[in-house]
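Trainee:
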Amino acid sequence: MTTPSTPSTHPAAHLAQLNVATLRHPLDDPRIAPFVEMLDPVNTAADGAPGFVWRLAEEGTGDATGLRPAGEDVIVNLTVWESREALWDFTYRSGHLEAMRRRRDWFHRHVEAHLVLWWVPVGHVPTVAEALERLAELRENGPSPRAFTFASSYTAAEAAAPHAR
Numbered sequence: 170m171t172t173p174s175t176p177s178t179h180p181a182a183h184l185a186q187l188n189v190a191t192l193r194h195p196l197d198d199p200r201i202a203p204f205v206e207m208l209d210p211v212n213t214a215a216d217g218a219p220g221f222v223w224r225l226a227e228e229g230t231g232d233a234t235g236l237r238p239a240g241e242d243v244i245v246n247l248t249v250w251e252s253r254e255a256l257w258d259f260t261y262r263s264g265h266l267e268a269m270r271r272r273r274d275w276f277h278r279h280v281e282a283h284l285v286l287w288w289v290p291v292g293h294v295p296t297v298a299e300a301l302e303r304l305a306e307l308r309e310n311g312p313s314p315r316a317f318t319f320a321s322s323y324t325a326a327e328a329a330a331p332h333a334r
């Protein structure tokens with residue numbers, strides 16, 4: 170494993186990420202209201218963040234909370250970023266951090282991987298099915314150039330290598 174690439178070292182790839190969260194209560198429950206109130210501001214911040222490329226949103230809405238491809242009580246977040254650093258900065262150095270700090274108020278602790286990262290060609294928009302396959306791969310086989318985490322990153326060049334497929 171090596172440190173992640175930057176856009177200048179491998180501009181033909183972007184970083185996709187999926188994270189899943191199991192709700193403690195339905196989204197219309199008052200105990201989840203602080204999370205729901207953060208959705209628009211956090212999504213707006215993501216949309217304007219340096220390195221942001223794309224995020225999944227349900228048609229006619231500003232977020233993906235109505236989509237439940239991983240179970241009725243599981244919400245998904247699927248995004249694409251120019252680099253690992255751009256995603257890291259948004260996740261841990263922006264207003265998004267407040268949501269991270271309070272996540273145990275709204276979501277159950279996952280015993281298996283709930284976040285997966287993988288490189289995609291520039292212009293590729295990952296599907297939810299593709300993202301869930303990558304998460305399943307990470308859960309079943311551990312980190313690899315095809316499915317990894319922040320703690321076990323691979324470069325886009327490593328993911329593109331013939332042995333990574």
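Plus 169 on top of the position in the sequence shown (first one is 1) and you've got this note's numbering.
Every residue, glycine too, gets a C-beta built ideally from N, C-alpha and C.
Bear in mind that the values here come from a model prediction, so they are computed numbers and not experimental data.
List the DSSP bridge partners of Leu187.
Mentor: Leu247 and Val285
Trainee: Please report the residue range of the beta strand (DSSP E) in which Val222 lies.
Mentor: Phe221 to Arg224
Trainee: Using only alpha-carbon positions, find the residue among Asp216, His265, Glu228 and Leu256 that is nearest to Met207.
Mentor: His265
Trainee: In angstroms with no decimal places, state the Cα-to-Cα distance between Pro331 and Pro210.
Mentor: 41 Å
Trainee: One question on the structure: do Asp242 and Thr318 come within less than 8 Å of each other, judged by their Cβ atoms?
Mentor: no
Trainee: Relative to the C-alpha of Glu254, which residue among Leu286, Thr213, Glu267 and Asn188 is closest?
Mentor: Leu286
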